[in-house]
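From first to last, the protein sequence lines stand for chains Z and C.
Using the working numbering, the letters of the first sequence map in sequence onto residues 1 to 507.
Using the working numbering, the letters of the second sequence map in sequence onto residues 1001 to 1135.
Where a beta carbon is used, it is the ideal one built from N, C-alpha and C, also for glycine.
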Amino acid sequence: MVPLLEQPWLTAATVLSLATVLVIGIWSGARTRTARDFFVAGRRVGLWVIALATMTSAFSGFVFLGGPGLTYSIGVASLFIVVPVGFTSGLICWVLARRLVLLADLDEVFTIPDALSLRFRSKTTTALGSVAILVGTVGYLAAQLLALGILIETILGTSHFFGERSLLVAMSIGLGILVFYSVLGGMLAGVYTDLVQGAVMLVGSLLVFGQTLKAGGGISGMASSILASEGMEGFFEPFARVPFSVALGFFFVFGVGVLGQPQMVHKFLMLERVEQLRWMPLVLGGSQVVCLLIWVGIGLVVPALVAEGRLAPLGHPDAATLQFLLRFVPDALAGVVIAAALAAIMSTADSFLNIGAAVLVRDLPRLLGRPVRAQLAAGRVATLILALVAGGLALTYGDLIALLGTFAFGTLAAALAPTLAVGMSWSRVTPAAASASIATGLIVNLGLEILSRIQNLPVAVAEALSGFAIPSAVALAASFSVLSLVTWLGRASEKDVPEAVLEIVES
Amino acid sequence: MAALLSGASLLILMGFLWPGLFSWVLQALLVTAMPVLLILLSRSRSLSRKLLIAMAALWSLLGGSWVALIWLAGGGVLRFGGIPLVLWILVCGLVLLPLALVSWAYAATFRPHARPSDGARREALSARSSERGSS
């Protein structure tokens, strides 16, 4: 593979991007003195930083690389994954954000399991929540590290120099930089690198969207080319290339499941004042919409260019973005987009590193009755260990990890969204209901995902599974249903929950 | 509100388990009702008329867009201004208009809760300490 770095603008953008996060790591490292700084950025963060950090954590490299490729494969049905951004920012703010800020005002709430503990006073609920977060973290993190390694390998062309060890070298470079700023500056480094990375992602998306319009002759020009092509039947028909239940499942999981994503909702524990939430839906949702322009633009223009014969049909759909960048975008802009893709991957990974480290040194030890006293030092060590373990897993079980990454969102959604969304709004929800819901989400989602990938299942089982919507949609709906049923059937018990917490839940 | 949410969850689960059980329109209306019901549940103690109207509008937008997509399915590609109608619905009906609506409605109905008093903080800390002590 020809190193993309042979083009000087790509070199400059990549080096500048990586150097910037290193500088932020050093800057924030000097300001990280306590566990509060490390895990919740000292709770000194404002609207814009939280909004952009939430956006960048939510959007991994998939938005830049995988998403456009998915649109190339399944047409506009792929957009059901992203169209919920129209309401998700408001949903998160109404249902969770304000309550999380207030809980963090009330007590030392650094993590989502901390919030669960304060709300439910149940070790089982908190432990199940911690396990769900750890499972999701390992899957997400290892998948991001694998993507980071592959992207750096493509940019630097390490396969020219290191042969079979190319991916190891490329991943080590990315991991080294990621670990440097995450260990040194914790979440303080995380949110400020996210701010810069978010800005790069927004600029890159806007500029590339302009290029797609230019190359494709506007949206109507792209549509005309696609519609005139014999190989693109059903591209603009929402339920032609995927069944209706899958399209609706995407919308459900990515619309309601955001409430269970710790990498997003954890950010609200860092907000300085609750008043700063007033314009959060606009800033967060607006930034998400701008960032997604790259998905829509490249997703439409590449099939149009293929239909016109200006681009050869893609060997692999994931090549859509790189093919477009290399052939139709000026080098300087392509450099910005490569930097944006790196930024998207690293910002998601740093969030999960911090969240996973918090589970290891804060949530689980407290549940075991052995709280760690030196949480800052322990957090740094745990971050390093987690990064090495996830990197090792990604290298050893690459295919499995890629698979885990694809259903990590669904696992977190099914396990945590009902308990966080309903449990934080409805005081009647009992610890038993919350625990049952988290367990249901975890077991049903992992079980269905594994079953759906087993070959040679009995015909009756295979037929039953093929009739389902996507597994995470079934698991999320089951988790909501179990939470409701156990709550209605059980007896409300609020005696252990502090009055101030109930007041926040009922506010 | 909690009862409505519980009922909707169960029906959505049944719809996903047995895709032919309900019509596509009913399934879409149930799924698009979920975010609306969650928001209404989260503000059930302080529901304002403004929020109710905004949520009715949000459900109309989301549900109406899905119904329109279902209606258009399989009928060929209709275009408006050269752009497929499906794209208009996806972009405007499901993204831009809902975003404008929720952004306005959230800001317009935003009421910051009073910060916890020192007494409330002490109560929470003491509850947490007793949990740690019992561990």
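Completely contained alpha helix (DSSP H) runs for the segment 7 to 39 of chain Z, where each covers 4 or more residues | 8 to 31
Cβ neighbours of Leu305(Z) in the same chain (closer than 6 angstroms, five flanking residues each side left out) | By one-based count along the first sequence, residue 305(Z) stands at place 305. Answer for Leu305(Z): Leu311, listed in chain order.
Would you report the Cα separation of Asp318(Z) and Ser484(Z), rounded to the nearest angstrom?
-> Locating residue 318(Z) in the first sequence gives position 318, where the first residue counts as 1. Locating residue 484(Z) in the first sequence gives position 484, where the first residue counts as 1. Each residue's Cα considered, the two are about 40 angstroms apart.
Ile1083(C) (DSSP reduced to helix, strand or coil) | As a first step, residue 1083(C) is located in the second sequence; it is residue number 83 there, counting from the start. DSSP places Ile1083(C) in strand when its eight states are reduced to three.
Are Ala432(Z) and Val505(Z) closer than 8 angstroms when you measure CB to CB?
-> For the purposes of this step, residue 432(Z) is taken as residue 432 along the first sequence, with counting starting at 1. For the purposes of this step, residue 505(Z) is taken as residue 505 along the first sequence, with counting starting at 1. No, the Cβ-Cβ distance between Ala432(Z) and Val505(Z) is not below 8 angstroms.
Near Gln276(Z), what residues of its chain come up, given a Cβ to Cβ distance below 8 angstroms and the 5 sequence neighbours on each side ignored?
-> What you label residue 276(Z) is simply residue 276 of the first sequence in a count that begins at 1. Closer than 8 angstroms at Cβ, skipping near neighbours: Gly46, Leu47 and Ile50.
Leu1040(C) by DSSP, collapsed to three states: which one?
-> Taking the first residue of the second sequence as position 1, residue 1040(C) is located at position 40. Three-state DSSP puts Leu1040(C) in a helix.
How about Ile1070(C) and Trp1024(C): are their beta carbons less than 8 angstroms apart?
-> Counting from 1 along the second sequence, the entry for residue 1070(C) is found at position 70. Counting from 1 along the second sequence, the entry for residue 1024(C) is found at position 24. The answer is yes: Cβ separation under 8 angstroms.
Tell me whether Leu65(Z) sits in a helix, a strand or coil according to DSSP, three-state version.
-> Locating residue 65(Z) in the first sequence gives position 65, counting from the first residue. When secondary structure is reduced to three states using DSSP, Leu65(Z) falls in the coil class, being assigned neither helix nor strand.
Closer than 8 angstroms by beta-carbon distance: list the chain Z residues that pair up with Ile1053(C), in chain order.
-> For the purposes of this step, residue 1053(C) is taken as the residue at position 53 of the second sequence. Residues of chain Z with a Cβ closer than 8 angstroms to the Cβ of Ile1053(C) do not exist; the shortest Cβ-Cβ separation is about 15 angstroms.
Option in Pro458(Z), Gly447(Z), Leu325(Z) and Val429(Z) with minimal Cα separation from Ser122(Z) = Residue numbering aside, residue 122(Z) sits at position 122 when the first sequence is read from its first letter. From the listed residues Pro458(Z), Gly447(Z), Leu325(Z) and Val429(Z), the smallest Cα separation to Ser122(Z) is found for Val429(Z).
Residues from the segment 1029 to 1044 of chain C in contact with chain Z, defined by Cβ distance under 7 angstroms | Val1031, Met1034, Pro1035, Leu1038, Ile1039, Leu1041, Ser1042 and Arg1043
Is the beta carbon of Ala41(Z) sitting closer than 8 angstroms to the one on Leu393(Z)?
-> One-based indexing of the first sequence puts residue 41(Z) at position 41. One-based indexing of the first sequence puts residue 393(Z) at position 393. Their beta carbons are not under 8 angstroms apart, which means Ala41(Z) does not touch Leu393(Z) by this criterion.
Boundaries of the alpha helix (DSSP H) in which Asp105(Z) is found, first to last residue = Translated into the one-based positions of the first sequence, residue 105(Z) becomes position 105. Run containing Asp105(Z): Arg98 to Leu106, per the alpha helix (DSSP H) assignment.
Quick one, which residues of the segment 304 to 316 of chain Z are near chain C if we go by CB-CB under 9 angstroms, in chain order?
-> none
Output, in chain order, the set of chain C residues within a Cβ distance shorter than 9 angstroms of Arg44(Z).
-> Taking the first residue of the first sequence as 1, we reach residue 44(Z) at position 44. Ordered by position in chain C, no residue passes the 9 angstroms Cβ test against Arg44(Z), which lies about 16 angstroms from the chain.
Could you tell me how far apart the beta carbons of Pro418(Z) and Phe480(Z) are, in whole angstroms, since I believe they sit closer than 8 angstroms?
-> Counted from its first residue, the first sequence places residue 418(Z) at position 418. Counted from its first residue, the first sequence places residue 480(Z) at position 480. About 5 angstroms separates the two Cβ atoms, so the contact holds.
Helix, strand or coil at Leu311(Z) [DSSP, three-state] = Taking the first residue of the first sequence as position 1, residue 311(Z) is located at position 311. Here Leu311(Z) sits in coil by DSSP.
Can Ser1060(C) be considered in contact with the ligand MN, in the sense that its beta carbon sits closer than 7 angstroms to one or more heavy atoms?
-> Ligands are entirely absent from the displayed structure, and the ligand MN is therefore not among its contents.
In whole angstroms, what separates the C-alpha of Val95(Z) from that of Glu499(Z)?
-> Here residue 95(Z) refers to the residue found at position 95 of the first sequence. Here residue 499(Z) refers to the residue found at position 499 of the first sequence. Those two C-alpha atoms are separated by around 20 angstroms.
Going by Cα to Cα distance, which pick from Ala13(Z), Ala307(Z), Ile385(Z) and Leu134(Z) is closest to Gly356(Z)?
-> Position 356 of the first sequence, counted from the start, is the residue given in the question as residue 356(Z). Minimum Cα distance to Gly356(Z) is reached at Leu134(Z).
Comparing alpha-carbon positions, which option in Leu322(Z), Gly75(Z), Leu65(Z) and Trp488(Z) lies nearest Gly234(Z)?
-> Position 234 of the first sequence, counting from 1, holds the residue named residue 234(Z). That would be Gly75(Z), whose Cα lies nearest to the Cα of Gly234(Z).
Is there at least one Cβ from chain C nearer than 8 angstroms to Val444(Z)'s Cβ?
-> As a working note, residue 444(Z) is residue 444 in the first sequence. No, Val444(Z) does not count as interfacial toward chain C.
At which residue ranges does the segment 137 to 172 of chain Z contain complete alpha helix (DSSP H) runs of 4 or more residues, listed in the order of the chain?
-> 158 to 162
Are the beta-carbon atoms of Ser89(Z) and Gly285(Z) separated by less than 8 angstroms?
-> Locating residue 89(Z) in the first sequence gives position 89, counting from the first residue. Locating residue 285(Z) in the first sequence gives position 285, counting from the first residue. With a cutoff of 8 angstroms on beta-carbon distance, Ser89(Z) and Gly285(Z) are scored as near each other.
Cβ of Leu1094(C) within 8 angstroms of any chain Z Cβ = As a first step, residue 1094(C) must be located in the second sequence, where it is residue number 94. With 8 angstroms as the cut-off, Leu1094(C) counts as an interface residue toward chain Z.
Should Gly391(Z) and Leu145(Z) be called a contact, given that it needs their Cβ atoms to be closer than 8 angstroms?
-> One-based indexing of the first sequence puts residue 391(Z) at position 391. One-based indexing of the first sequence puts residue 145(Z) at position 145. Yes, the pair counts as a contact, with Cβ atoms nearer than the cut-off.
Taking just the CA atoms, how far does Trp426(Z) sit from Arg1045(C)?
-> The residue given as residue 1045(C) occupies position 45 in the second sequence. The residue given as residue 426(Z) occupies position 426 in the first sequence. Each residue's alpha carbon lies about 10 angstroms from the other.
Determine the closest residue to Ala77(Z) out of Gly176(Z), Phe162(Z), Ala247(Z) and Val23(Z), with distance taken between C-alpha atoms.
-> Position 77 of the first sequence, counting from 1, holds the residue named residue 77(Z). Among Gly176(Z), Phe162(Z), Ala247(Z) and Val23(Z), the Cα nearest to that of Ala77(Z) is on Ala247(Z).
Say whether chain C places a C-beta atom closer than 8 angstroms to the C-beta of Glu275(Z).
-> For this step, residue 275(Z) is matched to residue 275 along the first sequence. Closer than 8 angstroms to some Cβ of chain C, the Cβ of Glu275(Z) qualifies, so yes.
Segment contact, 8 angstroms Cβ cut-off, at least three pairs: the segment 96 to 105 of chain Z with the segment 258 to 272 of chain Z | Here the segment 96 to 105 of chain Z lies against the segment 258 to 272 of chain Z, with 3 or more beta-carbon pairs under 8 angstroms apart.
Would you mind working out which of Phe324(Z), Ala339(Z) and Leu360(Z) sits nearest Thr212(Z), comparing C-alpha positions?
-> Here the question's residue 212(Z) lines up with position 212 in the first sequence. Closest by alpha carbon: Phe324(Z).
Every unbroken alpha helix (DSSP H) inside the segment 359 to 422 of chain Z [4 residues or more] | For the alpha helix (DSSP H) assignment, the uninterrupted runs of no fewer than 4 residues enclosed by the segment 359 to 422 of chain Z are, from N- to C-terminal side, 364 to 367 and 375 to 396.
Between Ser1135(C) and Gly369(Z), what straight-line distance do the alpha-carbon atoms span, to the nearest angstrom?
-> Translated into positions along the second sequence, residue 1135(C) becomes position 135. Translated into positions along the first sequence, residue 369(Z) becomes position 369. For Ser1135(C), the pLDDT reaches just 34, beneath the cut-off of 50, and the residue's location in the model is therefore unreliable, leaving the point undetermined.
Just reading off the alpha helix (DSSP H) that Cys1092(C) is part of, what are its end residues?
-> If you number the second sequence from 1, residue 1092(C) lands on position 92. Segment: none, Cys1092(C) is in no alpha helix (DSSP H) and carries neither H nor E.
What are the start and end residues of the alpha helix (DSSP H) that includes Gln261(Z)?
-> Counting from 1 along the first sequence, the entry for residue 261(Z) is found at position 261. Gln261(Z) -> no alpha helix (DSSP H), and no H or E assigned at all.
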